[in-house]
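Everything on this sheet refers to the single structure shown next.
There are 2 protein chains.
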Amino acid sequence: MPTASPSFQPVAQQGIGQPLYRVVMRRLLGAIESGDLEPGTALPSERVLASQFEVSIGTLRQAVGELVAGHILVRRQGRGTYVAQHNAERFLFQFFHVERTDGLREVPELETLSFERGHLDEEQADALQTRAGSAAITIENRLRLQGRPVVLDRLTLPAAMFKGLTESRLRSRPSTIYRFYQDEYGITVARALERVRAVAADRHVARQLGVVPGAPMLQVRRTALSIGDKPVEYRVSTISTGLHEYVHSLTRPA
Amino acid sequence: MPTASPSFQPVAQQGIGQPLYRVVMRRLLGAIESGDLEPGTALPSERVLASQFEVSIGTLRQAVGELVAGHILVRRQGRGTYVAQHNAERFLFQFFHVERTDGLREVPELETLSFERGHLDEEQADALQTRAGSAAITIENRLRLQGRPVVLDRLTLPAAMFKGLTESRLRSRPSTIYRFYQDEYGITVARALERVRAVAADRHVARQLGVVPGAPMLQVRRTALSIGDKPVEYRVSTISTGLHEYVHSLTRPA
DNA sequence: CCCAATTTGTTCGTATGTATA
DNA sequence: TTATACATACGAACAAATTGG
């Protein structure tokens with residue numbers, strides 16, 4: 505059972521060619537992955553952490569700084585350092601998102617169309633780095649912006665990682681779906697791989713998004729990876745870009 | 505005239521509420537923007553820089569570290585710190601790129617279809633943060649992958665920033681176009697804003713890329729920004745995603 | 001091949017400033 | 001006001017990589 509403030513053992517001289525701050529990083533990452541450090545909780549102060557790991561404050565800060573850069577931790581001067589939590593704001597600046605052509609951003613209104621259990625096909629298994637035929641959960645969501653249906657999402661989850669997931673639990677979640685993964689299954693989506701193409705709307709898409717069959721649609725295939733780089737979700741998003749666009753700013757400013 | 509190793513003045517107590525390392529950062533950025541530090545050149549060593557700025561080695565390293573994180577500088581242990589240069593490899597990991605569905609990456613073969621001087625329309629002026637009607641250069645390029653035409657690029661450049669640019673100079677460039685901006689005009693593309701949508705191929709696109717009119721195409725509108733965040737290029741790319749995809753990995757690994 | 005000089009990388013520790021509760 | 005936390009700045013010492021002799 506996780507304590508509010510876990511204590512760490514000294515890093516000693518583990519990993520001969522490995523810099524100390526990297527050993528500290530991996531210890532912190534491991535504590536998050538294992539659930540010892542839960543999202544939203546505060547880490548012990550830098551002084552305390554440094555003394556627990558038996559490294560200098562500077563080395564400790566270097567380790568924490570890299571995790572902050574990777575959006576794994578969040579530092580707040582005067583308050584403390586926290587395990588990052590998923591929320592709508594983080595999503596907007598860390599991942600791609602859809603916004604109106606004039607730049608208006610809005611939190612989409614989500615509607616779950618279907619929730620089914622089945623088995624992974626070749627494409628899904630390849631993306632999730634597991635074998636075809638293993639148990640999976642497939643969810644179809646429709647997102648509305650300004651009341652208009654804009655995105656149709658088909659999510660595929662490995663059932664082994666989401667034991668006990670039911671449609672009603674999913675529907676009754678209070679926040680974003682990545683926050684739901686975090687809170688209910690201890691799974692943090694740290695980064696994503698995306699492949700984008702243009703396709704013609706099929707009948708299903710056309711009906712759900714109110715476009716004519718054959719209309720050009722954006723198709724985004726996203727593999728979401730956990731902190732340990734395990735694939736946790738494969739998502740195919742079909743986006744109507746008549747009034748909206750898929751946006752991101754590349755590389756952070758200096 | 506730029507010297508090989510410029511010398512810097514002490515930062516003293518400029519900018520009261522400004523951390524020293526940020527003042528150092530801005531000095532280095534200014535030296536790159538002004539051309540005192542040319543891309544590819546080595547900076548003075550950290551000890552020398554620290555003594556020139558009259559800051560500690562640690563403060564100097566913090567400033568340099570942030571610029572390295574922003575891909576402005578490159579550090580090489582045992583050799584020195586260099587002003588980053590654009591090349592095909594950097595492009596692949598810093599920006600989006602097109603690759604074959606099976607993941608094969610290849611440096612595209614580029615063909616310049618047209619080079620014209622004209623004036624900015626509203627959309628272009630808006631993207632380049634200048635006024636409509638000002639002088640502009642419009643270039644159309646076609647990119648081939650595995651011999652197949654895949655991308656049609658229409659580049660719009662503010663003529664004021666690219667004085668003396670001619671079609672023959674552009675065609676005879678030895679490297680990538682961003683490297684060309686760097687070498688010939690001292691303009692470094694530091695980051696980009698992209699907006700993606702799906703459109704139907706018009707007759708021109710269909711002819712140039714060998715697709716049927718009306719086929720779904722990916723359209724990427726990119727505004728490239730310099731180190732000082734000035735827009736330097738507006739590019740509309742039309743991509744045939746039958747055999748290829750638009751790819752990027754989001755957020756760096758921890 | 002080895003050595004020496006140079007440069008960045010890592011680690012240490014201290015002191016002081018700023019933000020928060 | 002006080003206490004605590006992170007932020008900034010300093011500087012020293014040694015390790016690791018590179019280069020040139």
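Sequence lines, in order, name chains D and S.
My numbering puts the first residue of the first sequence at 505, with every later residue one more than the last.
My numbering puts the first residue of the second sequence at 505, with every later residue one more than the last.
Note that beta-carbon positions come from the ideal geometry of N, C-alpha and C, so glycine has one too.
Everything numeric in this text was worked out from a predicted model, so none of it was measured.
Query raised in the report: Along chain S, in chain order, which residues have C-beta atoms closer than 7 Å to that of Thr745/D?
Result: Near Thr745/D (Cβ distances below 7 Å), the residues of chain S are Arg701 and Ala702.
Report task. Enumerate, from N- to C-terminal direction, the unbroken alpha helix (DSSP H) stretches of 4 or more residues contained entirely within the stretch 524-604 of chain D. Result -> Runs of alpha helix (DSSP H) with 4 or more residues, each lying fully within the stretch 524-604 of chain D, are found at 524-538, 550-557, 561-573 and 592-598, listed in chain order.
Query raised in the report: Under three-state DSSP, which class holds Ala696/S?
Result: Judged by DSSP in its simplified three-state form, Ala696/S adopts strand.
Requested in this report: Could you spell out where the alpha helix (DSSP H) holding Glu626/S opens and where it closes?
Outcome: Per DSSP, Glu626/S belongs to the alpha helix (DSSP H) from Glu626 to Ala631.
Requested in this report: Taking C-beta pairs closer than 9 Å, name the residues in chain D that Tyr738/S reaches, listed in chain order.
Outcome: Within chain D, no residue comes near Tyr738/S; the closest Cβ sits about 15 Å away, beyond 9 Å.
Report task. Give the interface partners of Tyr685/D over in chain S, defined as CB-CB distance under 7 Å, in chain order. Result -> What Tyr685/D touches in chain S: nothing, since even the nearest Cβ is about 16 Å away.
Query raised in the report: Using the C-alpha atoms, what's the distance from Gln650/S back to Ser676/S?
Result: Roughly 22 Å separates the two Cα atoms.
Query raised in the report: With 16 other CB atoms within 10 Å as the buried threshold, where does Asp733/S fall?
Result: Exposed, by the Cβ-count rule.
Requested in this report: Anything in chain D within Cβ reach of Glu749/S, meaning under 7 Å, just list it in chain order.
Outcome: Against chain D, the beta carbon of Glu749/S has neighbours under 7 Å at Arg699, Val700 and Arg701, listed in chain order.
Report task. State yes or no: is the beta carbon of Leu722/S nearer than 8 Å to at least one beta carbon in chain D? Result -> Yes - at least one Cβ of chain D is within 8 Å of the one on Leu722/S.
Requested in this report: Going by CA-CA distance only, name the one from Thr545/D, Phe512/D, Phe599/D and Val602/D that's closest to Arg579/D.
Outcome: It is Thr545/D whose Cα lies nearest to the Cα of Arg579/D.
Report task. Specify the secondary structure class of Leu674/D as computed by DSSP and reduced to three states. Result -> DSSP, reduced to helix, strand and coil, places Leu674/D within a helical segment of the structure shown.
Query raised in the report: Is Leu722/D near Ala702/D, with beta carbons less than 8 Å apart?
Result: Yes, Cβ-Cβ distance for Leu722/D and Ala702/D is below 8 Å.
Report task. Return no unless some Cβ of chain S is closer than 8 Å to the Cβ of Arg756/D. Result -> Caution is warranted here: a pLDDT of 45 is assigned to Arg756/D, below 50, making its placement in the model unreliable, and no coordinate value can be reported.
Query raised in the report: For His752/D, which residues in chain S fall below 7 Å Cβ to Cβ?
Result: Annotation: Cβ neighbours of His752/D in chain S (cutoff 7 Å, chain order): Glu698.
Query raised in the report: Are three or more beta carbon pairs between the stretch 649-669 of chain S and the stretch 732-752 of chain S nearer than 8 Å?
Result: Verdict: yes, contact present.
Query raised in the report: Exposed or buried, Asn645/S, counting other C-beta atoms within 10 Å across all chains shown (16 or more means buried)?
Result: Buried is the call here.
Query raised in the report: Residues in its own chain within less than 7 Å of Gly714/S by CB, not counting five upstream and five downstream?
Result: The answer, listed in chain order, is Pro653.
Query - Simplified DSSP assignment, three categories, for Asp657/S - result: Collapsing the DSSP output to three states places Asp657/S in a strand.
Query raised in the report: Helix, strand or coil for Ala640/D per DSSP?
Result: Three-state DSSP puts Ala640/D in a strand.
Requested in this report: Check the C-beta distance from Gln598/D over to His575/D and give it rounded, since I have them as a contact under 8 Å.
Outcome: So it is a contact: roughly 6 Å between Cβ atoms.
Report task. Using the Cα positions of Arg756/D and Arg531/S, report the straight-line distance between them to the nearest angstrom. Result -> For Arg756/D, the predicted structure reports a pLDDT of 45, less than 50, and the residue's modelled location is therefore unreliable. A value from the coordinates is still provided. Answer to the nearest angstrom: the Cα atoms are 19 Å apart.
Query raised in the report: Cβ atoms of Leu647/S and Leu614/S: under 8 Å apart, would you say?
Result: Contact: yes.
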